[in-house]
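Visitor:
Numbering (the numbering used here), first residue to last: -4 to 229.
1. Find the nearest neighbour of residue 114 within the set 204, 64, 224, 48, judged by alpha-carbon distance.
2. Quick check on residue 26: does DSSP put it in helix, strand or coil?
3. For the pair the stretch 10 to 18 and the stretch 72 to 92, tell me if three or more CB-CB distances fall below 8 Å.
4. Is residue 44 helix, strand or coil by DSSP?
5. Can we say the stretch 34 to 43 touches the stretch 2 to 12, given the rule of at least three CB pairs closer than 8 Å?
6. Mapping DSSP to helix, strand and coil, what is residue 63?
7. Can you give me the C-alpha to C-alpha distance between residue 4 and residue 45, rounded to a whole angstrom?
8. Let's see if you can read the secondary structure: which residues bound the alpha helix (DSSP H) around residue 215?
9. Please state the DSSP three-state secondary structure of residue 198.
10. For residue 209, I'd like the list of residues in its chain whose CB is within less than 8 Å of its CB, leaving aside the five on either flank, ordered along the chain.
11. Check the DSSP bridge columns for residue 109 and list the partner residues they point to.
12. Between the Cα of residue 230 and the Cα atoms of 92, 59, 97, which residue gives the shortest distance?
13. May I have the straight-line CA-CA distance separating residue 137 from residue 217, to the nearest angstrom?
14. Would you check if the distance between the CB atom of residue 167 and the CB atom of residue 178 is smaller than 8 Å?
15. Taking one C-beta from the stretch 145 to 153 and one from the stretch 120 to 131 each time, how about it: are there three or more such pairs within less than 8 Å?
16. For residue 164, collect the residues of the same chain with a Cβ closer than 7 Å to its Cβ; drop the 5 residues on either side in sequence, then sort them by chain order.
17. Can you give the Cα-Cα distance for residue 121 and residue 181, rounded to whole angstroms?
18. Quick one: Cα of residue 223 to Cα of residue 202, how far?
19. Could you give the DSSP three-state label for residue 15: helix, strand or coil?
20. Terminal residues of the continuous beta strand (DSSP E) containing residue 187?
21. Comparing C-alpha positions only, which one of 23, 139, 93, 159 sits nearest to residue 34?
22. Smallest Cα separation from residue 118: which of 191, 6, 196, 228?
23. Going straight from the alpha carbon of residue 93 to that of residue 63, what length do you get?
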(Lines of atoms letter the chains of each structure in order from A and count residues from 1; the text may use other names and numbers.)
(Lines give C-alpha, C1' and ligand atoms only; values in the text may rest on other atoms or scores of the structure.)
Protein backbone atom coordinates (compact mmCIF):
# COMPACT_ATOMS: atom_id res chain seq x y z
CA UNK A 1 0.00 0.00 0.00
CA UNK A 2 1.43 3.38 -1.02
CA UNK A 3 -0.18 6.49 0.47
CA UNK A 4 0.78 9.96 -0.71
CA UNK A 5 -0.25 13.38 0.57
CA UNK A 6 -1.50 15.73 -2.17
CA UNK A 7 -1.57 18.77 0.11
CA UNK A 8 0.31 21.76 -1.29
CA UNK A 9 3.96 22.11 -0.24
CA UNK A 10 3.81 18.75 1.55
CA UNK A 11 6.39 16.01 1.04
CA UNK A 12 4.87 13.11 2.90
CA UNK A 13 4.06 9.51 2.04
CA UNK A 14 3.82 6.06 3.58
CA UNK A 15 4.47 2.51 2.46
CA UNK A 16 2.59 -0.21 4.30
CA UNK A 17 3.44 -3.90 4.00
CA UNK A 18 1.22 -6.46 5.69
CA UNK A 19 -0.07 -10.03 5.75
CA UNK A 20 -3.72 -9.18 6.51
CA UNK A 21 -6.15 -10.58 3.89
CA UNK A 22 -8.29 -8.03 2.04
CA UNK A 23 -6.79 -4.96 3.71
CA UNK A 24 -7.60 -2.22 2.97
CA UNK A 25 -10.97 -2.26 1.23
CA UNK A 26 -10.91 0.60 -1.30
CA UNK A 27 -13.54 3.29 -0.66
CA UNK A 28 -15.32 1.12 1.90
CA UNK A 29 -14.96 0.40 5.58
CA UNK A 30 -12.71 -2.49 6.56
CA UNK A 31 -13.79 -5.20 8.96
CA UNK A 32 -11.16 -7.36 10.56
CA UNK A 33 -11.86 -11.04 9.73
CA UNK A 34 -12.61 -12.79 13.01
CA UNK A 35 -10.98 -15.98 11.73
CA UNK A 36 -7.64 -14.13 11.65
CA UNK A 37 -7.63 -13.69 15.45
CA UNK A 38 -6.08 -17.14 15.74
CA UNK A 39 -3.28 -16.37 13.27
CA UNK A 40 -0.07 -14.38 13.54
CA UNK A 41 0.23 -11.38 11.23
CA UNK A 42 2.73 -8.60 10.57
CA UNK A 43 2.15 -4.98 9.54
CA UNK A 44 5.02 -2.61 8.76
CA UNK A 45 4.37 1.09 8.16
CA UNK A 46 7.24 3.17 6.80
CA UNK A 47 6.90 6.95 6.79
CA UNK A 48 8.81 8.22 3.76
CA UNK A 49 9.23 11.24 1.53
CA UNK A 50 7.57 11.21 -1.88
CA UNK A 51 10.99 10.97 -3.54
CA UNK A 52 11.31 7.39 -2.24
CA UNK A 53 8.22 6.10 -4.07
CA UNK A 54 9.90 5.62 -7.44
CA UNK A 55 12.50 3.24 -5.95
CA UNK A 56 9.72 1.22 -4.32
CA UNK A 57 7.89 1.04 -7.65
CA UNK A 58 11.05 -0.15 -9.41
CA UNK A 59 11.18 -3.11 -7.02
CA UNK A 60 7.49 -3.85 -7.37
CA UNK A 61 7.72 -4.03 -11.17
CA UNK A 62 9.55 -7.37 -10.90
CA UNK A 63 6.98 -8.75 -8.46
CA UNK A 64 4.06 -8.15 -10.85
CA UNK A 65 1.51 -7.03 -8.23
CA UNK A 66 -2.19 -6.75 -8.98
CA UNK A 67 -3.15 -3.09 -8.52
CA UNK A 68 -6.79 -3.11 -7.50
CA UNK A 69 -7.10 0.60 -6.73
CA UNK A 70 -5.14 3.77 -7.51
CA UNK A 71 -6.33 7.35 -7.11
CA UNK A 72 -2.96 9.13 -6.93
CA UNK A 73 -3.16 12.01 -9.45
CA UNK A 74 -0.68 11.84 -12.33
CA UNK A 75 0.35 15.39 -11.46
CA UNK A 76 1.89 13.96 -8.29
CA UNK A 77 3.87 11.26 -10.12
CA UNK A 78 5.16 13.15 -13.16
CA UNK A 79 8.77 12.56 -12.08
CA UNK A 80 8.24 8.90 -11.16
CA UNK A 81 8.69 6.81 -14.33
CA UNK A 82 8.73 3.46 -12.52
CA UNK A 83 5.59 4.28 -10.58
CA UNK A 84 3.79 5.27 -13.77
CA UNK A 85 4.83 2.02 -15.45
CA UNK A 86 3.55 0.13 -12.43
CA UNK A 87 0.24 2.01 -12.43
CA UNK A 88 -0.18 1.34 -16.16
CA UNK A 89 0.55 -2.36 -15.77
CA UNK A 90 3.70 -2.21 -17.90
CA UNK A 91 5.53 -5.20 -16.45
CA UNK A 92 8.86 -6.02 -18.10
CA UNK A 93 9.75 -9.64 -18.89
CA UNK A 94 13.30 -8.77 -19.98
CA UNK A 95 16.50 -8.79 -17.87
CA UNK A 96 17.56 -7.81 -15.29
CA UNK A 97 15.55 -10.35 -13.30
CA UNK A 98 16.57 -9.00 -9.88
CA UNK A 99 16.46 -5.56 -8.31
CA UNK A 100 18.11 -3.94 -5.31
CA UNK A 101 16.82 -0.57 -4.13
CA UNK A 102 17.47 1.46 -0.99
CA UNK A 103 15.16 3.94 0.71
CA UNK A 104 15.27 5.85 4.00
CA UNK A 105 12.45 6.67 6.36
CA UNK A 106 11.48 10.28 6.96
CA UNK A 107 12.23 11.39 10.51
CA UNK A 108 14.96 12.87 12.67
CA UNK A 109 16.74 9.50 12.81
CA UNK A 110 16.11 7.93 9.41
CA UNK A 111 16.23 4.16 9.07
CA UNK A 112 17.79 2.52 6.02
CA UNK A 113 15.58 -0.01 4.24
CA UNK A 114 16.87 -2.26 1.45
CA UNK A 115 14.38 -3.74 -1.01
CA UNK A 116 15.28 -6.93 -2.86
CA UNK A 117 13.03 -8.35 -5.55
CA UNK A 118 13.23 -11.05 -8.19
CA UNK A 119 11.06 -11.97 -11.14
CA UNK A 120 9.74 -15.45 -11.81
CA UNK A 121 12.13 -15.64 -14.79
CA UNK A 122 15.14 -15.51 -12.45
CA UNK A 123 14.40 -19.00 -11.03
CA UNK A 124 16.19 -17.85 -7.86
CA UNK A 125 15.41 -19.04 -4.35
CA UNK A 126 15.08 -15.67 -2.63
CA UNK A 127 16.32 -16.61 0.86
CA UNK A 128 19.64 -18.19 -0.18
CA UNK A 129 20.34 -16.76 -3.64
CA UNK A 130 19.22 -13.20 -2.95
CA UNK A 131 19.01 -12.22 0.74
CA UNK A 132 21.89 -14.24 2.24
CA UNK A 133 24.05 -13.59 -0.81
CA UNK A 134 23.59 -9.81 -0.71
CA UNK A 135 23.89 -9.51 3.08
CA UNK A 136 26.92 -11.87 3.07
CA UNK A 137 25.65 -13.23 6.37
CA UNK A 138 23.85 -16.21 7.79
CA UNK A 139 20.11 -15.63 8.16
CA UNK A 140 17.78 -17.20 10.70
CA UNK A 141 14.39 -17.84 9.10
CA UNK A 142 10.87 -18.00 10.55
CA UNK A 143 8.55 -19.19 7.80
CA UNK A 144 6.22 -21.94 6.77
CA UNK A 145 8.28 -24.52 4.95
CA UNK A 146 7.93 -27.61 2.81
CA UNK A 147 9.74 -30.95 2.86
CA UNK A 148 12.04 -29.94 -0.01
CA UNK A 149 13.91 -26.89 1.28
CA UNK A 150 15.98 -27.54 4.38
CA UNK A 151 18.36 -25.45 6.41
CA UNK A 152 21.70 -24.95 4.67
CA UNK A 153 24.94 -24.92 6.65
CA UNK A 154 27.35 -25.55 3.80
CA UNK A 155 30.42 -23.33 3.63
CA UNK A 156 31.71 -20.95 6.30
CA UNK A 157 29.01 -18.27 6.03
CA UNK A 158 25.70 -17.33 4.41
CA UNK A 159 23.93 -20.24 6.07
CA UNK A 160 20.17 -20.68 6.22
CA UNK A 161 19.19 -21.60 9.80
CA UNK A 162 15.55 -22.44 10.45
CA UNK A 163 13.93 -21.22 13.67
CA UNK A 164 12.26 -23.90 15.74
CA UNK A 165 8.48 -24.03 15.97
CA UNK A 166 6.74 -23.44 18.34
CA UNK A 167 8.40 -20.20 19.47
CA UNK A 168 7.64 -17.70 22.23
CA UNK A 169 6.70 -14.08 21.50
CA UNK A 170 6.37 -12.01 24.67
CA UNK A 171 5.58 -15.20 26.62
CA UNK A 172 2.92 -16.17 24.07
CA UNK A 173 3.56 -19.40 22.20
CA UNK A 174 3.05 -19.43 18.46
CA UNK A 175 3.73 -21.97 15.73
CA UNK A 176 4.24 -21.97 11.99
CA UNK A 177 0.83 -23.51 11.32
CA UNK A 178 -0.89 -20.51 12.93
CA UNK A 179 1.51 -17.80 11.75
CA UNK A 180 1.22 -16.19 8.31
CA UNK A 181 4.46 -14.20 8.51
CA UNK A 182 7.79 -14.91 6.80
CA UNK A 183 10.80 -13.12 8.24
CA UNK A 184 14.50 -13.48 8.90
CA UNK A 185 17.23 -11.90 11.01
CA UNK A 186 20.90 -11.73 10.14
CA UNK A 187 23.67 -13.42 12.11
CA UNK A 188 25.58 -11.39 13.08
CA UNK A 189 22.91 -8.74 13.60
CA UNK A 190 21.25 -5.77 13.13
CA UNK A 191 19.14 -6.63 10.08
CA UNK A 192 15.51 -7.76 10.04
CA UNK A 193 13.88 -8.87 6.77
CA UNK A 194 10.23 -9.39 5.87
CA UNK A 195 9.68 -11.69 2.88
CA UNK A 196 6.47 -12.05 0.92
CA UNK A 197 6.91 -15.76 0.07
CA UNK A 198 7.40 -18.71 2.42
CA UNK A 199 10.53 -20.85 2.53
CA UNK A 200 9.28 -23.36 -0.02
CA UNK A 201 10.73 -24.75 -3.23
CA UNK A 202 7.91 -23.46 -5.44
CA UNK A 203 8.89 -19.81 -4.84
CA UNK A 204 11.81 -20.36 -7.22
CA UNK A 205 9.18 -20.26 -9.98
CA UNK A 206 7.41 -17.19 -8.61
CA UNK A 207 8.25 -13.48 -8.23
CA UNK A 208 9.21 -12.51 -4.69
CA UNK A 209 10.30 -9.51 -2.65
CA UNK A 210 11.98 -8.83 0.68
CA UNK A 211 12.50 -5.65 2.65
CA UNK A 212 15.46 -5.60 5.02
CA UNK A 213 15.59 -3.00 7.79
CA UNK A 214 18.91 -2.07 9.37
CA UNK A 215 17.88 -1.16 12.92
CA UNK A 216 19.15 -2.65 16.17
CA UNK A 217 15.88 -2.17 18.08
CA UNK A 218 13.71 -3.92 15.49
CA UNK A 219 16.35 -6.61 15.05
CA UNK A 220 16.58 -7.30 18.79
CA UNK A 221 12.84 -7.97 19.12
CA UNK A 222 12.84 -10.60 16.39
CA UNK A 223 16.24 -12.04 17.24
CA UNK A 224 14.87 -12.91 20.69
CA UNK A 225 12.25 -15.09 18.99
CA UNK A 226 14.99 -16.72 16.91
CA UNK A 227 16.87 -18.07 19.94
CA UNK A 228 16.06 -21.73 19.25
CA UNK A 229 17.27 -23.10 15.90
CA UNK A 230 16.84 -26.43 14.18
CA UNK A 231 20.00 -28.49 13.80
CA UNK A 232 21.91 -28.25 10.56
CA UNK A 233 20.99 -31.01 8.08
CA UNK A 234 23.37 -33.96 8.20
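Even for Gly, the Cβ is constructed at its ideal location relative to N, Cα and C.
Guide: So, from the data block:
1. 204
2. coil
3. no
4. coil
5. yes
6. coil
7. 12 Å
8. 211 to 220
9. helix
10. 106, 107, 108, 109, 185, 186
11. 97, 207
12. In the structure as shown, the chain starts at -4 and stops at 229, and residue 230 therefore has no counterpart that could be examined.
13. 10 Å
14. no
15. yes
16. 220
17. 15 Å
18. 30 Å
19. coil
20. 186 to 190
21. 139
22. 196
23. 24 Å
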